[in-house]
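The sequence shown lines up with residues 1 to 87 when you count with our numbering. Think of the CB as a built atom: it goes at the ideal place given N, C-alpha and C, for glycine as much as any other residue.
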Amino acid sequence: MNLQQRAILKAALADIENLAAPRHIDRVSAALGMDMVQFAKLGADGMKQVIYSALLFGSTAATSASIQKRWRDAAQVKLPSASPTRN
Numbered sequence: 001m002n003l004q005q006r007a008i009l010k011a012a013l014a015d016i017e018n019l020a021a022p023r024h025i026d027r028v029s030a031a032l033g034m035d036m037v038q039f040a041k042l043g044a045d046g047m048k049q050v051i052y053s054a055l056l057f058g059s060t061a062a063t064s065a066s067i068q069k070r071w072r073d074a075a076q077v078k079l080p081s082a083s084p085t086r087n
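Structural data, given as structure tokens:
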């Protein structure tokens, strides 16, 4: 991972921490080697996990494998559905 990619990912983390989608989600997803739509579907917490993982590992090969695993893990998590209660 080069310095420009690291800078893009660090800026994206700041955006997410400020409760906003990353300003340049296309550049962020490209830096991660991930499809932009799939990256956006991860939501704020998933995006942060993937970005932290990428910054932690730093190498393209490790990052790509880690991102793909995290995306698969995140895609398998099912949120509880809100079911109306009858009284």
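Where the alpha helix (DSSP H) containing residue i begins and where it ends
i	result
Gly46	43-57
Leu3	3-17
Arg27	25-32
Member of the options whose CA lies at the smallest distance from the CA of residue i
i	options	result
Ser29	Asn18, Arg70, Met47, Leu3	Met47
Ala31	Asp73, Gln4, Arg72	Gln4
Discussion item. Under 8 Å: do the region 2-11 and the region 33-43 share three or more Cβ pairs, one atom per stretch?
Written reply: no
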